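Trainee: According to the working numbering, the stretch in the first sequence is residues 343 to 864, in order. The structure follows.
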Amino acid sequence: MPSGGAGMPAGKTGNHFRVSPTCRSESTNMANKVRVRIAPSPTGNLHVGNARTALYNYLFARQQGGTFILRIDDTDAKRSTEKDIDGVLVSFRWLGLEWDEGFAAGGDYGPYRQSQRRDLYDGHVQQLLAQGQAYRCWCTPAELDDMRKAAQKQRRPFRYPQTCLHLSAAERAAKERSGDPFVVRFLSPSESTVDFTDLVRGDLSVEASELDDLVIVKADGMPTYNFASVVDDSHMDITHVIRGADHLYNTHRQIPIARALGFSLPAYAHLPLLTNPDRSKLGKRSGAVLVGDYASQGYLPEAVVNFLAFLGWNPGTTQEVFSLAELIEAFSLERVNRANAVFELQKLVWLNGVYIRGLPVAELADRCIPFLADAGLVDPADIDRDYLNGAVELEQERLKNLAEAPEALDFFYAEDVTPEARLLVAKKQTPADSLRALEQTLARLRGLDSWELATIEACLRGLAADLGWKAGQLFMPIRVAVTGKTATPPLFETMVALGRERSLSRMSKAIDAFTGAVAELA
RNA sequence: GCCCCCAUCGUCUAGUGGACUAGGACACAGGCCUUUCAAGCCUGAAACGUGGGUUCGAUUCCCGCUGGGGGCGCCA
343 MPSGGAGMPA GKTGNHFRVS PTCRSESTNM ANKVRVRIAP SPTGNLHVGN ARTALYNYLF
403 ARQQGGTFIL RIDDTDAKRS TEKDIDGVLV SFRWLGLEWD EGFAAGGDYG PYRQSQRRDL
463 YDGHVQQLLA QGQAYRCWCT PAELDDMRKA AQKQRRPFRY PQTCLHLSAA ERAAKERSGD
523 PFVVRFLSPS ESTVDFTDLV RGDLSVEASE LDDLVIVKAD GMPTYNFASV VDDSHMDITH
583 VIRGADHLYN THRQIPIARA LGFSLPAYAH LPLLTNPDRS KLGKRSGAVL VGDYASQGYL
643 PEAVVNFLAF LGWNPGTTQE VFSLAELIEA FSLERVNRAN AVFELQKLVW LNGVYIRGLP
703 VAELADRCIP FLADAGLVDP ADIDRDYLNG AVELEQERLK NLAEAPEALD FFYAEDVTPE
763 ARLLVAKKQT PADSLRALEQ TLARLRGLDS WELATIEACL RGLAADLGWK AGQLFMPIRV
823 AVTGKTATPP LFETMVALGR ERSLSRMSKA IDAFTGAVAE LA
């Protein structure tokens, strides 16, 4: 038995659970250490909505001194490969959400893959069958589909008509002898309502008559999500189920199953959904919705975490920037919102800049290297770190994300910058005068006996004064000559970072090219 | 269609019957700083969906309406 070690703790008798509307959160065993889980299905990558859910589970566990568990919900045999699982794990790790127990981490409640817990589920199915709270059903998917369509046509809600529940003994015997595939259905509760108190939303209630007999075991013998989850959450001693509000209805369906099995219930907290700008559920076709997309677009995991944390929760203070450690301290389920949150990137863009500016230069450089290497600007095996750090330092407050690094830093690495001649013309000056100014600049720069910020500045400001030009008039053409661009970090710092050789040779080349173009520009 | 949930600036949100001329952040606009671009600083514009109650008094409580969302699978 896969999770035999878990057993069923004493006290898990469920006897303090009633069907009445008075079933509240105190019915959970609060004395137990907090145990929460994130249970992704192996889809190859992590959706930001699941990432947010995982984050809240993580924060809650850490804050409560509890355990954060990762379970793989892979009851759908059609999609479940090692590679797909790995894709999910990579994103959790990138975000920094380390799990204490579960898949790839071990623990006393394993295995942590539902596909490997068949025996456990089978046992509980037998129990329900024996209790008369579940029954076999031979209706085929095609038949059900027809019934659904018919119901829709009559504009009536579809509910399974319990055909196979009401089979005569003879009919049932015949079906069983036939060897035809069957599913197992849970007999929906006879109580009037199914109620629970949600930690975020308060008292929730659904008429039991709304719940039809849902399939708990598929024809291939695998349990369905709603069944396996209930069994695992109980056997893994999960104390709090924190998940998206899209599971609200599932909770009403899972509670009767848990009760029929004699399980005590965890506390539930349903998080508001993340939506598209049009308020529809954030789906696969909604632009960048995978954590991996944000990594490759140059967002920092700490920014993504901070951003995600604030989608549906806030600390009640005006602080906006939170490290993971600070989030752990400040987080509380009580302050989770009920209304859906639009997944808008503008704040993430800003936060990302905040985190980039807050990084030590060397670390920012480290994080830029993969992007620079991809763009062919640097060879990771052979990097002049001092030069790179100098360049990164100058661009640090200009970078909104790492993916911009190649474009921002390209002139530090380009062989030639080939500035446009017309950009070498100083503001309110003629091309000829501009050319002369550049020539004088080069001459004076060559005469400098040190290549330092103060020296260069004194030199260029002095020249501007001698020329009777405003500083900016002179600096822009030099900037363009040296970098090829009109928007760069401050000129003197840039020239220092580039170094004397590069700076002077670029100026010289620019002057040569400019000389040939002056006539046309005039 | 049926069931459930939700509702404050464009967006994320504070607010828990009077301290609200409704606060903060992002984005936006203007200004300052300035060798360009950023960063930073200052200022501005910008919201309680609607109709009824309850109350001396509602953004806050209740009901209806409207609007939005979710669910209604042998997916999870």
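Using N, Cα and C, we set each Cβ at its ideal position, and we do this for glycine too. Given the structure is predicted, the values throughout are model-derived calculations rather than measurements.
1) Taking the CB atoms as reference points, tell me whether Ile427 and Met578 lie closer together than 8 angstroms.
2) Hey, Arg848 and Ala823 are a contact pair by Cβ (cut 8 angstroms); roughly how many whole angstroms apart?
3) Could you give the first and the last residue of the continuous alpha helix (DSSP H) run that contains Thr423?
4) What runs of the alpha helix (DSSP H), each 4 residues or longer, lie entirely inside the segment 749 to 812?
5) Can the beta-carbon of His676 be found less than 8 angstroms from the beta-carbon of Gln405?
6) For the alpha helix (DSSP H) containing Ser571, list its first residue and its last residue.
7) In angstroms with no decimal places, state the Cα-to-Cα distance between Ile580 and Cys506.
8) From Val390 to Glu781, what distance separates their C-alpha atoms?
9) Using only the alpha-carbon positions, how far apart do Gln473 and Asn387 sit?
10) Given that a residue counts as buried once 16 or more other Cβ atoms are within 10 Å of its Cβ, and exposed if not, what is His594?
11) Taking the Cβ atom as the reference point for each residue, do Leu863 and Ala763 lie within a distance shorter than 8 angstroms?
12) Measure the C-alpha to C-alpha separation of Arg788 and Leu642 and round it to an integer number of angstroms.
13) Tell me the rounded alpha-carbon separation between Thr548 and Tyr636.
14) How close, in whole Å, do the beta carbons of Leu795 and Thr783 come, if the pair is a contact with beta carbons under 8 angstroms?
15) Touching or not, the segment 479 to 499 and the segment 449 to 465, by the rule of three or more beta carbon pairs under 8 angstroms?
16) Mind checking whether Pro614 and Asn682 have CB atoms under 8 angstroms apart?
17) Determine, using beta carbons only, whether Thr825 and Phe753 come nearer to each other than 8 angstroms.
18) For Pro773, which residues of its own chain have a beta-carbon under 7 angstroms away from its beta-carbon, when the five flanking residues on both sides are left out?
19) Which value, in whole angstroms, describes the spacing of the CA atoms of Lys827 and Ser433?
20) What is the DSSP secondary structure of Tyr710, reduced to helix, strand or coil?
21) CA-CA distance, Val573 and Ala600?
22) Excluding the five sequence neighbours on either side, which residues of its own chain have a C-beta within less than 6 angstroms of the C-beta of Ala707, listed in chain order?
23) If I'm right that Pro527 touches Leu556 with Cβ under 8 angstroms, what's the distance once you round it to whole angstroms?
24) If you follow the alpha helix (DSSP H) that Glu843 is part of, which residue opens it and which one closes it?
25) Near Ala568, which residues of its chain fall below 8 angstroms by C-beta distance, leaving aside the five closest residues on each side in sequence?
26) Taking only the alpha-carbon atoms, compute the straight-line gap between Ser532 and Pro608 and give it to the nearest angstrom.
27) Quick check on the burial criterion: 16 or more other C-beta atoms within 10 angstroms. Buried or exposed for Phe456?
28) Which residues in the same chain as Gln469 place their Cβ atom closer than 7 angstroms to its Cβ, once the five residues preceding and following it in sequence are excluded?
29) What separation, rounded to the nearest whole angstrom, lies between the Cα atoms of Ala865 and Thr836?
30) Give the DSSP bridge partners of Asp724, in chain order.
31) Between which residues of its own chain and Thr830 is the CB-CB distance below 7 angstroms, once the five residues before and five after are set aside?
32) Straight-line CA distance for Ser551 to Asn694?
33) Just list the alpha helix (DSSP H) runs in the segment 626 to 662, keeping only unbroken ones of 4 residues or longer that don't cross its boundaries, in chain order.
34) Rounding to the nearest angstrom, what Cα-Cα distance links Leu553 and Phe524 in this structure?
35) On a Cα-Cα basis, can you pick out the residue from Ala667, Trp692 and Pro503 that is closest to Leu741?
36) Kindly indicate the opening and closing residues of the beta strand (DSSP E) around Ser871.
Mentor: By the coordinates alone:
1) no
2) 6 angstroms
3) Taken as a continuous stretch (DSSP letters only), Thr423 belongs to no alpha helix (DSSP H), as it is neither H nor E.
4) 773 to 789 and 795 to 809
5) Contrary to the premise, residue 676 reads as Glu rather than His in this sequence. Taking 8 angstroms as the Cβ cut-off, Glu676 and Gln405 do not qualify as a contacting pair.
6) Tyr567 to His577
7) 34 angstroms
8) 55 angstroms
9) 40 angstroms
10) buried
11) yes
12) 42 angstroms
13) Per the sequence presented here, residue 548 reads as Val, with Thr not at that position. Distance between the alpha carbons of Val548 and Tyr636 is about 39 angstroms.
14) Not a contact, Cβ separation roughly 16 angstroms.
15) no
16) yes
17) yes
18) Val767, Val860, Leu863 and Ala864
19) 37 angstroms
20) Note on residue identity: the sequence assigns Cys, not Tyr, to residue 710. In the structure shown, Cys710 sits in a helix (DSSP, three-state: H, G or I).
21) 7 angstroms
22) Leu730, Asn731 and Val734
23) At residue 527 the sequence reads Arg, which differs from the Pro that was named. That belief holds up - the Cβ atoms of Arg527 and Leu556 are roughly 7 angstroms apart, short of 8 angstroms.
24) Arg842 to Leu863
25) With the sequence shown as reference, residue 568 is identified as Asn, and Ala is not the correct amino acid for it. Once the five neighbours on either side are set aside, the close Cβ partners of Asn568 are Leu556, Ile558, Asn592, Arg595, Gln596 and Ile599.
26) 22 angstroms
27) It should be pointed out that residue 456 corresponds to Gln in this sequence rather than to Phe. When all chains shown are included, Gln456 counts as buried.
28) Leu603
29) Here the chain comprises residues numbered 343 to 864, so residue 865 is not present and cannot be evaluated.
30) Asp721
31) Arg821 and Thr836
32) 49 angstroms
33) 633 to 638 and 643 to 651
34) 21 angstroms
35) Trp692
36) This structure cannot settle anything about residue 871, because the visible part of the chain is limited to 343 through 864.
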